[in-house]
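Participant: Numbering-wise (UniProt numbering), the sequence shown opens with residue 1 and increments by one.
Structure below; questions to follow.
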Amino acid sequence: MSAVVLAWRTEPLLRRCVEALLASVKVEVEVVLVDNGCTNPDLPYLSGLPGVVVAGDGENAGFSAGCNAGVAAASGEFVALVNGDAIVEPTALARLVEVLGDESVGLAAGAVRLADEPELLNSRGNEIHVLGVSWVGGFRERETRTEPTETAGAMGAFVVARRAHWDRLGGFDEHYFAYVEDAEISLRTWRLGLRVLNVPDAVALHGYEFSKVSFKFYLIERNRLMFVTTVWGGRALLLLGGPLLALELVMILLAAKEGWLKDKLRGYGWLWRHRAHLRARRRALQAERAVPDREWMRVLTDRFDTPLINPPGVGLLNALMTTYWRAVRRWV
1 MSAVVLAWRT
11 EPLLRRCVEA
21 LLASVKVEVE
31 VVLVDNGCTN
41 PDLPYLSGLP
51 GVVVAGDGEN
61 AGFSAGCNAG
71 VAAASGEFVA
81 LVNGDAIVEP
91 TALARLVEVL
101 GDESVGLAAG
111 AVRLADEPEL
121 LNSRGNEIHV
131 LGVSWVGGFR
141 ERETRTEPTE
151 TAGAMGAFVV
161 ARRAHWDRLG
171 GFDEHYFAYV
181 EDAEISLRTW
191 RLGLRVLNVP
201 DAVALHGYEF
211 SKVSFKFYLI
221 ERNRLMFVTT
231 VWGGRALLLL
241 GGPLLALELV
251 MILLAAKEGW
261 LKDKLRGYGW
271 LWRHRAHLRA
281 RRRALQAERA
291 VPDREWMRVL
301 TDRFDTPLIN
311 PPGVGLLNAL
321 MTTYWRAVRR
331 WV
């Protein structure tokens, strides 16, 4: 199998990441190291290790394009995406490949734990809201599961797919640049009739930090709107039109309060300039859907329940959204 690792900027855990992958047991691992603007001095050493293939041109092409370049250079039947700040346990990759032996599974994601507090989860799978917001599920919880569980989204920091499934999806849409692309391929997997599983005994330790910078919020908000308008079906968008507009107002108020309103408005400009791509993308994704919206949308949540996202009036928003969604979802 092949493990794609993006190397960006200093990436202080990069050496431990690559060496851990090469030390995997029960599976032979090729590491595809993508130089995505890496300044880590270990990069030349790691590039020369047996089992390491180098891709990328040293420029930051974004997470989406970087992963695509890495998979293009990979030779394995299975491909893993592993963050450069994630340290996988020796049996983790083999365990995820084992789970993918069930042909009903399209994506198998590991249980990602916090590197500085390994007894706590970073993610047991990502939550995806019916309005398109995605966040890490189980953040700072202790692991209680013993068997793989279905999850709406696979965290892109540590996930494995068959190469054939990746190719069927066409990889990531590079217009995302970074953020939300893992949510898109996860829901597209569900829409194709395959499951997304999170596996508690396939562990990676992640040097995770939730940074609140305006450019990140620009990408997340812009990409959320691209995600919803291309993946959700027409009837779902019609039924969710009011709540989506209400969320936009909430996010505008939040952006104004936290000082990134210009970035929120900048996202609208980007979406308008790329409207031709959005139309073409929507046509392609609606045409590939094999499962009706009312079936695959069961994996979505109607509640914001993460400490990482706390919009104004979240309690009222949850109450209203839960009531509304339960009333209308039968008509999706």
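In this text, a Cβ means the ideal position worked out from N, Cα and C, and glycines have one as well.
#1: So what does DSSP say about phenylalanine 227, is it helix, strand or coil?
#2: Output yes or no for whether 7 Å exceeds the beta carbon distance between alanine 80 and alanine 152.
#3: Can the beta-carbon of leucine 205 be found closer than 7 Å to that of isoleucine 87?
#4: Looking at the structure shown, is leucine 6 part of a helix, part of a strand, or coil, going by DSSP?
#5: Let me know the beta strand (DSSP E) ranges lying completely inside the stretch 132-162, each 3 residues or longer, listed in chain order.
#6: Is alanine 108 helix, strand or coil when you go by DSSP?
#7: Any contact of the stretch 240-260 with the stretch 143-163, i.e. 3+ C-beta pairs under 8 Å?
#8: If we require 3 or more residues per run, which beta strand (DSSP E) segments fall completely within the stretch 61-100?
#9: Got a sec? Which residues, its chain only, sit under 6 Å from tyrosine 176 by beta carbon, not counting five neighbours each side?
#10: Going by DSSP, what residue range makes up the beta strand (DSSP E) through residue 348?
#11: Do the CB positions of leucine 21 and valine 29 come within less than 7 Å of each other?
#12: On the criterion of 16 or more Cβ atoms from any shown chain inside 10 Å, does tryptophan 272 qualify as buried, or is it exposed?
#13: Buried or exposed: where does tyrosine 218 fall if 16 or more other Cβ atoms within 10 Å of its Cβ makes it buried?
Facilitator: A quick look at the data gives this:
#1: The answer is helix: DSSP assigns phenylalanine 227 an H, G or I state.
#2: Note that the C-beta distance between alanine 80 and alanine 152 is not below 7 Å.
#3: yes
#4: The answer is strand: DSSP assigns leucine 6 an E or B state.
#5: 134-136 and 158-162
#6: strand
#7: Because the criterion of three Cβ pairs below 8 Å is not met, the stretch 240-260 and the stretch 143-163 do not touch.
#8: 78-83 and 86-88
#9: Excluding sequence neighbours, tyrosine 176 sits near Ser64 and Asn223.
#10: Shown here, the chain extends from 1 to 332; a query on residue 348 therefore has no answer.
#11: Cβ atoms of leucine 21 and valine 29: closer than 7 Å.
#12: exposed
#13: buried
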